[in-house]
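Residue numbers (this note's numbering), protein chains in the order written: chain A, 9 to 163; chain B, 9 to 163; chain C, 53 to 189; chain D, 53 to 189. Beta carbons are placed, not taken as given, at the ideal position from N, Cα and C, and that holds for glycine. This report refers to the structure that appears directly beneath it.
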Amino acid sequence: MASYERTFCLQVPSSTENLALIREFVSAIGEQAGFSETETVQLALAVDEACTNVIEHAYQNEASHEVTVRVTVDENEITFEVIDRGRGFDPTAEPVLPVEELIRQRRSGGLGLRLIRTIMDDVQYRIVPGQMNELRMVKKRHTGGGVSPAPGAPR
Amino acid sequence: MASYERTFCLQVPSSTENLALIREFVSAIGEQAGFSETETVQLALAVDEACTNVIEHAYQNEASHEVTVRVTVDENEITFEVIDRGRGFDPTAEPVLPVEELIRQRRSGGLGLRLIRTIMDDVQYRIVPGQMNELRMVKKRHTGGGVSPAPGAPR
Amino acid sequence: MAPQARRTGRERFEEAVTRSFSIETKDHGNVRVLELRGYLDAHTAPRFEAAVEEELRAGRPRLVADCSTLDYISSAGLGVFMTFIDEARAAGGDIKLAAIQPKVYQIFDVLGFPALFDILPTVEGAVARFDAGDGEG
Amino acid sequence: MAPQARRTGRERFEEAVTRSFSIETKDHGNVRVLELRGYLDAHTAPRFEAAVEEELRAGRPRLVADCSTLDYISSAGLGVFMTFIDEARAAGGDIKLAAIQPKVYQIFDVLGFPALFDILPTVEGAVARFDAGDGEG
Ligand SMILES: Nc1ncnc2c1ncn2[C@@H]1O[C@H](COP(=O)(O)OP(=O)(O)O)[C@@H](O)[C@H]1O
Ligand SMILES: Nc1ncnc2c1ncn2[C@@H]1O[C@H](COP(=O)(O)OP(=O)(O)O)[C@@H](O)[C@H]1O
Numbered sequence: 009m010a011s012y013e014r015t016f017c018l019q020v021p022s023s024t025e026n027l028a029l030i031r032e033f034v035s036a037i038g039e040q041a042g043f044s045e046t047e048t049v050q051l052a053l054a055v056d057e058a059c060t061n062v063i064e065h066a067y068q069n070e071a072s073h074e075v076t077v078r079v080t081v082d083e084n085e086i087t088f089e090v091i092d093r094g095r096g097f098d099p100t101a102e103p104v105l106p107v108e109e110l111i112r113q114r115r116s117g118g119l120g121l122r123l124i125r126t127i128m129d130d131v132q133y134r135i136v137p138g139q140m141n142e143l144r145m146v147k148k149r150h151t152g153g154g155v156s157p158a159p160g161a162p163r
Numbered sequence: 009m010a011s012y013e014r015t016f017c018l019q020v021p022s023s024t025e026n027l028a029l030i031r032e033f034v035s036a037i038g039e040q041a042g043f044s045e046t047e048t049v050q051l052a053l054a055v056d057e058a059c060t061n062v063i064e065h066a067y068q069n070e071a072s073h074e075v076t077v078r079v080t081v082d083e084n085e086i087t088f089e090v091i092d093r094g095r096g097f098d099p100t101a102e103p104v105l106p107v108e109e110l111i112r113q114r115r116s117g118g119l120g121l122r123l124i125r126t127i128m129d130d131v132q133y134r135i136v137p138g139q140m141n142e143l144r145m146v147k148k149r150h151t152g153g154g155v156s157p158a159p160g161a162p163r
Numbered sequence: 053m054a055p056q057a058r059r060t061g062r063e064r065f066e067e068a069v070t071r072s073f074s075i076e077t078k079d080h081g082n083v084r085v086l087e088l089r090g091y092l093d094a095h096t097a098p099r100f101e102a103a104v105e106e107e108l109r110a111g112r113p114r115l116v117a118d119c120s121t122l123d124y125i126s127s128a129g130l131g132v133f134m135t136f137i138d139e140a141r142a143a144g145g146d147i148k149l150a151a152i153q154p155k156v157y158q159i160f161d162v163l164g165f166p167a168l169f170d171i172l173p174t175v176e177g178a179v180a181r182f183d184a185g186d187g188e189g
Numbered sequence: 053m054a055p056q057a058r059r060t061g062r063e064r065f066e067e068a069v070t071r072s073f074s075i076e077t078k079d080h081g082n083v084r085v086l087e088l089r090g091y092l093d094a095h096t097a098p099r100f101e102a103a104v105e106e107e108l109r110a111g112r113p114r115l116v117a118d119c120s121t122l123d124y125i126s127s128a129g130l131g132v133f134m135t136f137i138d139e140a141r142a143a144g145g146d147i148k149l150a151a152i153q154p155k156v157y158q159i160f161d162v163l164g165f166p167a168l169f170d171i172l173p174t175v176e177g178a179v180a181r182f183d184a185g186d187g188e189g
């Protein structure tokens, strides 16, 4: 009642055509929560990457499933929970290769988790067997964590 | 699996500051579902009116509750369910006065339900006692129902 | 706990929301033009209501709503026009609507506003109609 | 049931989504400029991938991605650059990036792209760099 905490939830079919809607959802909340445009773009990007992974890997591009994004805003931070009921995975087993190495191997994958970890202040993944998989990402307000604002112009 | 039906769900705190997000949600789905810009504006308006009523009447402007909008799209129609757990009401008991009469009585209220009924092809309200209230609104694809497109210019 | 941070957070929220609707007031001779910008819904209508009320209380009932940059209106915004139209007319003025975008006009149209309000294609035309009325009266 | 209506529905869906990203191709001398417009994510990246692949298969490895109207890119779009950059360079060309908006540039920046790709402020500058390289080689 006196608490500042607010919760939002979006559930959409597991198809990449809904990524734009997911980004609009995150952007609207990020803006409403007082994050800058730069920060809001980054939050939308991180959630896009998490949902893309669910659609492509957890559900292997079958559009008949659902992706859920829960967002909690309080005075200190914004928390995103991306939930699926598909194939879980072990994120600690995924190699974090330098981009040069990815290019050398002609691998276009491997960027998503890196972007998520760079943008967010805390990232946790848990599997509740037979129930759901949940990627939990936290971004603090106004901290040194995450990515600094972009330069005004490239080069 | 072979079905075309898709379901979307949005849940937000019961505050009018979230109406913009609700409209963006409806507009994105309406556009994705192939409704025209004119139709999409009307769908967003009807859902805005329904959610405004929930926030102002069912929850009497207490932001600590939640408004849920479920959307189902299939080959024939789009269905919106606006769900609350607040004070229910009897829509058949609400008088439908002409706008002239509302002006004479200096009543600014009474337009919301009228807009909803004008825009949508089917409107149902049900109370599941102690559980939830649900306003169910259906708009068919490309029918004569609802409102015709706006004229190019006023007057 | 952390009431300071909380207040700042709330302020930031409010700021973001405020951006979605704004009113700019200009004088065209003895007519007040209220330029409505953005989204007029149940969240932002109270600000529009306060602005119209302020004009009427200050004895300025000759009002034009410039809707050229109004992107959306719901019944909460329409209700403001309905609440004050009789009062403005009784005081020898009017609330005329001008330059409504087609996608917004359709909403006025659904409710039969064109029969009840003076709706003009341009702000200049709406202002001129007050002057014409003056010359006749 | 109603497979006809179903197909039409799907087509309409596809059309709406397609609008969110488009590619326009232009020749600047012997350099191909791909103008990327809108949102490049996992849904739209396959179209960008097909466009780049078509250029390389047709023996046109001198490419500039005009990003002046690109509003967003996720790893799926970034991956297209990574997949083809070595092949373009091995064929005597390059994939240069030009006129990236600051809010999009920050995404390239996070991943260290500026050290690996040739990123120029303008399309003209990017095209000119190919010509300079020609003159030298
Ligand atoms: N939600 C998920 N469910 C199952 N596997 C996943 C999920 N997210 C990531 N992965 C696995 O981790 C790998 C790395 O993911 P990422 O860094 O996003 O790159 P990409 O998705 O482009 O391969 C993926 O290739 C996949 O094998
Ligand atoms: N979801 C709801 N819960 C409770 N009462 C409602 C609800 N929706 C509408 N009402 C009642 O119906 C009346 C008419 O609603 P409406 O036509 O939208 O006009 P307004 O909300 O502007 O009064 C409201 O004043 C209210 O008493």
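Test: residue i CB closer than 9 Å to a CB of chain D
| i | result |
| --- | --- |
| A/I37 | no |
| A/I127 | yes |
| A/T100 | no |
| A/R93 | no |
Residue-chain proximity (residue i, chain B), Cβ-Cβ < 9 Å
| i | result |
| --- | --- |
| A/V29 | One point to set straight first is that residue 29 of chain A is Leu, not Val, in the sequence displayed. Judged by the 9 Å Cβ criterion, A/L29 is in contact with chain B. |
| C/G78 | The displayed chain sequence assigns Lys, not Gly, to residue 78 of chain C. No, its Cβ sits nowhere closer than 9 Å to a Cβ of chain B. |
| A/C17 | yes |
Contact with chain A by residue i, beta-carbon distance below 9 Å
| i | result |
| --- | --- |
| B/E32 | yes |
| B/M9 | Annotation note: pLDDT 43 at B/M9 (below 50); position unreliable, coordinate value reported separately. Yes, its Cβ sits closer than 9 Å to a Cβ of chain A. |
| D/R58 | Since pLDDT at D/R58 reaches only 35, below the 50 mark, its modelled position is unreliable, and the value read off the structure follows with that caveat. For D/R58, the answer is no, since every Cβ of chain A falls outside 9 Å of its Cβ. |
| D/K148 | no |
Chain-ordered neighbours of residue i on chain D, where CB pairs are closer than 8 Å
| i | result |
| --- | --- |
| A/V107 | M134, L163, G164, F165, L168 |
Per-residue contacts from residue i into chain B (C-beta, under 7 Å)
| i | result |
| --- | --- |
| A/M40 | The sequence given here places Gln at residue 40 of chain A; Met does not occur at that position. Near A/Q40 (Cβ distances below 7 Å), the residues of chain B are E25. |
| C/I137 | I111 |
Neighbour list for residue i in chain D, Cβ cutoff strictly below 9 Å
| i | result |
| --- | --- |
| A/L119 | S126, S127, A128, L130, G131, M134, L163 |
Contact list for residue i against chain C, beta-carbon separation under 7 Å
| i | result |
| --- | --- |
| B/L53 | S126, I159 |
Residue i CB to nearest heavy atom of ligand 1 below 8 Å
| i | result |
| --- | --- |
| A/V62 | yes |
| A/E57 | yes |
| D/D161 | no |
| D/H95 | no |
| A/A71 | no |
| A/R122 | yes |
Cross-chain neighbours of residue i in chain A, by beta carbon under 7 Å
| i | result |
| --- | --- |
| D/S72 | A28 |
| B/R14 | P21 |
Min CB distance residue i to chain C below 9 Å
| i | result |
| --- | --- |
| B/L143 | no |
| B/Q50 | yes |
| B/G60 | According to the sequence provided, residue 60 of chain B is Thr. The question's Gly does not apply to it. Yes, because at least one Cβ of chain C sits closer than 9 Å to the Cβ of B/T60. |
| B/V146 | no |
| B/R134 | no |
DSSP bridge partner residues for residue i (one or two, in chain order)
| i | result |
| --- | --- |
| D/R99 | DSSP lists no partner for D/R99. |
| A/H150 | DSSP output for A/H150 lists no bridge partner at all. |
| B/T76 | B/Q19, B/I91 |
| C/H80 | C/V83 |
| C/Y91 | C/Y124 |
| B/R144 | B/E89, B/Q132 |
| C/F73 | C/G90 |
| C/K148 | C/V116 |
| B/R14 | B/V81 |
Listed by chain order, chain A residues near residue i by CB distance under 8 Å
| i | result |
| --- | --- |
| B/P137 | Correct list: empty, because the minimum Cβ distance to chain A is about 25 Å. |
Listed by chain order, chain D residues near residue i by CB distance under 7 Å
| i | result |
| --- | --- |
| A/S72 | Those do not exist, as A/S72 stays about 14 Å from chain D at its closest Cβ, beyond 7 Å. |
| A/D56 | D93, S126 |
Closer than 8 Å at the beta carbon, the chain C residues around residue i
| i | result |
| --- | --- |
| B/E45 | K155 |
| B/E167 | Here chain B comprises residues numbered 9 to 163, so residue 167 of chain B is not present and cannot be evaluated. |
| B/R149 | Result: empty, since nearest Cβ-Cβ is about 18 Å, beyond 8 Å. |
Closer than 8 Å: residue i CB and nearest ligand 2 heavy atom
| i | result |
| --- | --- |
| B/N141 | yes |
| B/P99 | yes |
| B/A54 | no |
9 Å Cβ cutoff, residue i in contact with chain E
| i | result |
| --- | --- |
| D/A117 | Absence of chain E from the displayed structure is noted, the protein chains being A, B, C and D. |
Residues of the stretch 86–97 of chain C whose Cβ lies closer than 7 Å to any Cβ of chain B, in chain order: Y91, D93, A94, H95
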